[in-house]
Structures are given as structure tokens and as C-alpha cells.
Amino acid sequence: MGKILFVINTMGNGGAERALIELLKHMEQERHKVFLYVLTGQGELAGEIPNNVVMLNKKYRAVSVLDERGRQRLSGTVIRALFSRGVFLHRARYLAVQMLRMIGRGRIRKDKLFWKVLSDGGERIREEFDLAVAFLEGGSAYYVAAHVKAGKKVAFVHTDYSYAGYDRSLDEDCYLKFDHIFAASESIRGSFLGNYPECAGKTTIFHNLLNQKSILERSLQPGGFSDGYEGVRILTVARLSAAKAHDVAIDAMKRLKAAGREVRWYALGEGELRKKLERRIHSLGLDEDFVLLGAADNPFPYYAQCDLYVHPTHSEARCIAVREAQVLGCAIIVSDYEGSGELVEDGVDGRICRLDPKALTEEIEELLDHPERAAAYGRAAQRRHQTDNQKEIKKLLEFMDE
15 MGKILFVINT MGNGGAERAL IELLKHMEQE RHKVFLYVLT GQGELAGEIP
65 NNVVMLNKKY RAVSVLDERG RQRLSGTVIR ALFSRGVFLH RARYLAVQML
115 RMIGRGRIRK DKLFWKVLSD GGERIREEFD LAVAFLEGGS AYYVAAHVKA
165 GKKVAFVHTD YSYAGYDRSL DEDCYLKFDH IFAASESIRG SFLGNYPECA
215 GKTTIFHNLL NQKSILERSL QPGGFSDGYE GVRILTVARL SAAKAHDVAI
265 DAMKRLKAAG REVRWYALGE GELRKKLERR IHSLGLDEDF VLLGAADNPF
315 PYYAQCDLYV HPTHSEARCI AVREAQVLGC AIIVSDYEGS GELVEDGVDG
365 RICRLDPKAL TEEIEELLDH PERAAAYGRA AQRRHQTDNQ KEIKKLLEFM
415 DE
């Protein structure tokens, strides 16, 4: 029986985390013993991890990393890691150099800065594995590359590598230590190889798994909108973070309201920008028109009940939220980011829109004025070819079986 270790940064309610849970559910218990280590030791999705998976964290808290309480806990974890195993002395120069580089670029990304701290200060696993899988960029990749003993090592890249703020100096060339890299989409692969061109021969595509049957079943469970609103409901499912474009969505909602449209926009998700977005919503007089719903254990009734799914974002991988909306037959508008064409065929099963409030408003109004077209997009989206799960899993396991 082969032993496989998966390492991920958090088990928060995000697309990559849900993709990992789906992958773990499809692992064959008879052939493989599966282990999981969560670098931060927290995240609200821990309860969904399959029973056959062995959690290696000595301490774990099923709290979000995005709300205030969760961020405080994460800060404490980082501080403890910084002062354990001599990490502060070992990483002082690294942190200073990377901080100066970020200042020079005009933006400090604290999460990227401290992934090395969490990696070096994390728990040490003595066991050796046949295959170790770093399921996210940053911390999990650093941890598997430097601190895990395994016959083969594989890394997953889920986001636009450069846009997300990573580079080889930050990584200390860690990806050269992996036997294979899986990118979530062709555009993500291209971005990664722009930084690691020598990895071209070992970097291929791995589409995140999606359980269509489960999504359809869960969409029929109790839940969803509870405000009694009778107008058109627009839904966006995304983390409240800088990579997403909730600010553009809020400005588009202001235009829709000024045009007299009976529309209410709902954002499902949590994140560090909540307070900033709340202030923006209030300043524009949109308190009842643009609703931050927070996170939901079961988002699928919201998809099923909305009239239009809109996904404005600056950067994205093979977005799971958009694919979930496709499974449930939503009419979809996505912003024109690198790789959006891999998910939506413009004018066939949705619309790809320039990312600015005016263009987004015009696309929404076009579908509001032509509901039959929106319905046709939804039907086409639902028919869109979905990934063969077992075929994708085989890509991963073949490295261990060789």
C-alpha cells in the first residue's frame, strides 16, 4: 500500500481547498494510505475531510483564516513559528530582503512574506512517503520541498503565478526540487513557466475535480436567499481579496441602480477586504443593493436561486466557482482575465466582459433585456464538457507507481 502525503496552506472555504477535498474523496483506500498536513493548522472545512485520511497536525482549529478571530489566530501561529527552531535568526536576512523588494514594488504582501516562516517553523514529520503533494503555492510548496521525505514530490499551481506576487527569489527556486508540477489551466501553466522555463518538460495540466452529482443534490437542500427580494438576483462567489474585483462589481451596481434596474447583487465569500468593501458600499448608498453574505457551508442553493452569475476578477485559475455555476445552469458573465476563454466560450455559454464598471453594467443590462438569451447561455453552460475525475487522478498516481 502506497503512502501519499498532501500538504496545503489552510483548509479554509476556498476553491483549492474544496478541490483537494474532492480529490481526497476519490483516492482508493485499498491501494493508498493518505495523509494530510495543514500548514497553518486551521480552516473551517476540516469536517469535510474523508474519514480515511490521516490528519498529521498535532493541533488543529476548525476556524476560518479570513474572519477577525481566525486572522488573530493565524497571526499567533506565525509569531510562534518565527521564534521556534531558530527561524528568526535563520530567516532574518531573507525577510528583510523580501520586504525591501516588496516596498520597492509598492506593495507589501504579508502572506507571501511569512510562508517561509510557517514552513520552517511547522511541525516535522518523521515518516517517509512514496509521494508528497504540495497542493498550493507558497507555504505548502516550501514545506514539501525542504522538510518532507518522499520518493517523489509533486506541486500544484492554482493561480497566476506572477500576478499573485510570487517569484523565484521569494521561492528560493523551490520548484526545481519537484519531480512534476501540475497547473490548473493552460494560462496558469504559461504564467508559471514564464518564471521557471526549465520546468517546461515536467509541467502539465491537472483540472480540479468537480462532483456534479453532489453539487446538484446539495443545490436542492434548504438554504440560499432569505431576504424575500423579488427582483433580479445577481450572485458572485469569491473571496473578498485584492485578486477579485468586488470594487468593480460595486461600482457596476451603482450604475444599475441609477438606471432604475430592479436588481440586487449578492457576494458570497469572506476575506480581509470586508471592512473596506463595506465602507465603499455605504458611501455609494448601496447598503440594501449590494449584500455581503459572508461564507456559507453550502453555497449551491444560492447558485440555483440566482438569475445571473457574474465573476469579476483580476486573476483566476480554472475557477471552481464558475464551473459550479455552469453545473447548475446559471447564465454567466466573467471578466476578461488571462484564461477566461478556457472556461467560457463568449457568446455561446456565457459572456466574457472587459473589467470596468461601464462594460460590466452594459453586459448585465443586455442579458436583463434578453432573458431568453440568458436562459440559452445557462443551458449551454450546463451541457459544457466536464473533467473525467478518474483520468485526472491517474495523472497524479502514475508518478508514485513508476
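Residue numbering for the sequence shown follows our numbering, beginning at 15 and increasing consecutively. We treat Cβ as the ideally placed atom computed from N, Cα and C, and that holds for glycine. From a predicted model like this one, the values you see are computed outputs, not experimental measurements.
message = Would R368 and D350 qualify as a contact pair, given that the criterion is a beta-carbon distance under 8 Å?
response = yes
inquiry  = Using 8 Å as the threshold, is the C-beta distance between A309 and N27 below it?
reply    = yes
task = Take the Cβ of K73 as the centre, count every other Cβ of all protein chains shown within 10 Å, and call the residue buried at 16 or more, exposed below.
result = exposed
query = Would the beta-carbon of V341 fall within 8 Å of that of Q235?
reply = no
key: For A339, the three-state DSSP class (helix, strand or coil)   = helix
query = Do K166 and L145 come within 8 Å of each other at the CB atom, strictly closer than that value?
reply = yes
inquiry  = Please state the DSSP three-state secondary structure of Q396.
reply    = helix
message = Taking a contact to mean a Cβ-Cβ separation below 8 Å, would you say E62 touches I35 in this structure?
response = yes
message = Excluding the 5 residues flanking T375 on each side, which residues of the same chain have their C-beta closer than 8 Å to its C-beta?
response = A266, R269, L270, A273
inquiry  = Going by DSSP, what residue range makes up the alpha helix (DSSP H) through L322?
reply    = First-last for L322: 322 to 325, but that is the beta strand (DSSP E), not the alpha helix (DSSP H).
key: Pairwise C-alpha distance: R275 and L127   = 44 Å
message = Closer than 8 Å is the cut-off here; do at least three beta carbon pairs connect the region 167 to 183 with the region 199 to 218?
response = yes
key: Through-space distance from R107 to F314, alpha-carbon basis   = 46 Å
task = Report the partner residues of K47 according to the DSSP bridge assignment.
result = K17
inquiry  = So, at 6 Å on beta carbons, what are the nonlocal neighbours of L19 in its own chain, with the 5 sequence-adjacent residues on each side left out?
reply    = F49, F143, A146
key: Selected residue, minimal CA-CA separation from V131, among G118, V158, F97, L114   = F97
query = For E319, which of S354, I248, E380 has the nearest alpha-carbon?
reply = Note that residue 319 is Gln in the sequence shown, not Glu. Among S354, I248, E380, the Cα nearest to that of Q319 belongs to I248.
request  = Within 10 angstroms of the Cβ of E302, are there 16 or more other Cβ atoms? Answer buried if so, exposed if not.
outcome  = exposed
Length of the line joining the Cα atoms of Q396 and P211 = 36 Å
message = Within a Cβ cutoff of 7 Å, which residues of the same chain sit near E406, ignoring the five residues on either side of it in sequence?
response = F220, H221, L223
Start and end residues, alpha helix (DSSP H) containing D144 = Counting along the chain, D144 falls outside any alpha helix (DSSP H), though it belongs to the beta strand (DSSP E) covering 142 to 148.
task = Compare the beta carbon distance of Q112 and L184 with 8 Å and say whether it is the shorter of the two.
result = yes
task = Starting from the N-terminal side, write out each stretch of the beta strand (DSSP E) that is 3 residues or longer and does not extend beyond the region 343 to 369.
result = 346 to 349, 365 to 367
query = Between E352 and K17, what straight-line distance do the alpha-carbon atoms span, to the nearest angstrom?
reply = 36 Å
message = Give me, in chain order, the residues of the same chain whose beta-carbon lies closer than 7 Å to that of R87; leave out the 5 immediate sequence neighbours on both sides.
response = Q56, R75, V77
inquiry  = With the cut-off set at 8 Å, would you say L381 and A373 are in Cβ contact?
reply    = no
task = Return the CA-CA distance between R12 and P326, expressed in angstroms with no decimal places.
result = Since the displayed the chain opens at 15 and closes at 416, residue 12 lies outside it and no answer follows.
query = Can you give the beta carbon distance from E286 to S255, rounded, assuming they're within the 8 Å contact cut?
reply = 6 Å
query = According to DSSP, is L307 helix, strand or coil?
reply = strand
ask   = Counting along the chain, where does the alpha helix (DSSP H) carrying K39 start and finish?
value = 29 to 39
ask   = Taking the Cβ atom as the reference point for each residue, do C188 and A214 lie within a distance shorter than 8 Å?
value = no
key: G152 - containing alpha helix (DSSP H), residue span   = Taken as a continuous stretch (DSSP letters only), G152 belongs to no alpha helix (DSSP H), as it is neither H nor E.
ask   = In chain order, what residues of the same chain lie with their CB nearer than 7 Å to the CB of R393, ignoring the 5 residues before and after it?
value = G343
request  = Whole angstroms is fine: what's the gap from A160's alpha carbon to T91's?
outcome  = 20 Å
task = Identify which residue in L307, R294, E31 has its Cα closest to the Cα of G237.
result = L307
query = Is the beta carbon of I346 sitting closer than 8 Å to the one on A339?
reply = yes
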